[in-house]
Amino acid sequence: MLHRDRIPRLWVFLQAVLVVALGFSDMALGFSDMETGPGGAGVSVQQPNGDRFKIEGRAVVPGVKTQDWVSSARIFVEGEEFVGFVRTDGSFAVNDVPSGSYVVEVITPNYRFEPVRVDITSKGKMRARLVNYIKTSEVIRQPYPLQIRANGPQTYFMKRETWGWTDFLMNPMVMMMVLPLLIIVLLPKVVNTNDPEMRKEMEQSMNMLNPNPELPDVSELMTKLFSGGSKPSSKAITSKGTRPAVKRR
């Protein structure tokens, strides 16, 4: 009976020893991992890209007190991947940002800021430049810490267009009516109509446009137009100048 009672006790003792041994082995492995990490004992192991950095800067609205707009301002890094807030003096800091290239934007409902791209190297070096979505190859360096200035107020609505004289004059229908009139009035003053060669060339060009003989001759019309009407004939002048003598009784 005594031999049978010792067997369960011995089995329980062996299980307890095995559990304690496994616990000590896990603790030893944990301490070995901590010692092999960067920075010596007591520093946890980090991934190769596990270093985090801080993006700092200041947002300025010219001519406006900082307290009037900072309450609604936010700092967006690469969209909304990292979000920061603006302090009462206009400065901001976004923490825990890994190395890479990020677009930093100051978002506020009242003012518009230009976005800035910040490149962070694995060693923590910062380089800032303006973001140009039209000319992507253009590089304009910016100082770091960032100094972001507002371009102006936000525009949510388009101003209603007002009627002006330019809109009336640039109307196609008005131009079709006014331009021919200007040509008719100004062309005789510009072209020397007394030159016989010039008049002959104009008559020939007009005759080419009027091949049908039944229609009125365009050259005659143009000649009358440029010469200011036909002159009275010499016979008519002599007939008007000489009156018949009155017979006296």
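Residue numbers (numbering that gives the first Met the number 0): 0 to 248. For each residue, glycine too, the CB sits at the ideal point set by N, CA and C.
Checklist entry - Under a CB-based cut-off of 8 Å, is Gln-66 close to chain B? => result Checking the listed chains, one finds no chain B in this structure; it contains a single protein chain.
Next on the checklist: Is the separation between the beta-carbon of Ala-127 and that of Tyr-110 shorter than 8 Å?
Outcome noted: no
Next on the checklist: Tell me the rounded alpha-carbon separation between Gly-41 and Val-69.
Outcome noted: Residue confidence is low: Gly-41 scores 29 on pLDDT, short of 50, so the model does not pin down where it sits. Its coordinate-derived value is still stated next. So the two alpha carbons sit approximately 41 Å from each other.
Next on the checklist: Can you look up Ser-136 in the DSSP assignment and give me helix, strand or coil?
Outcome noted: coil
Next on the checklist: I need the straight-line Cα distance from Lys-53 to Met-125, nearest angstrom please.
Outcome noted: 10 Å
Next on the checklist: Going by the DSSP bridge assignment, what does Ser-100 pair with across the sheet?
Outcome noted: Asp-118
Item to check | At least three beta-carbon pairs within less than 8 Å, the region 87 to 105 to the region 115 to 122 | outcome: yes
Next on the checklist: Between the alpha carbons of Val-60 and Trp-162, how many angstroms are there, rounded?
Outcome noted: 35 Å
Item to check | Nearest-angstrom Cα separation, counted from Pro-152 out to Thr-87 | outcome: 20 Å
Next on the checklist: Using only the alpha-carbon positions, how far apart do Ser-136 and Leu-129 sit?
Outcome noted: 11 Å
Next on the checklist: Quick test of your reading: Val-85 and Ala-72, contact by CB under 8 Å. State the CB separation rounded to the nearest angstrom.
Outcome noted: 4 Å
Next on the checklist: DSSP has Leu-145 in a bridge; who is on the other side?
Outcome noted: Gly-56
Item to check | Leu-145 beta carbon less than 8 Å from that of Gly-56 | outcome: yes
Checklist entry - Excluding sequence positions up to five away, which residues of its chain have a Cβ less than 8 Å from the Cβ of Asn-131? => result Glu-137 and Ile-139
Checklist entry - So what's Gly-38 in DSSP terms, helix, strand or just coil? => result In this predicted model, Gly-38 has a pLDDT of only 33, less than 50, meaning its place in the structure is not dependable; the value taken from the coordinates is given anyway. Of the three classes helix, strand and coil, the one that applies to Gly-38 here is coil, per DSSP.
Next on the checklist: So Ile-119 and Val-96 are supposed to be a Cβ contact under 8 Å. How far apart are they, rounded?
Outcome noted: 7 Å
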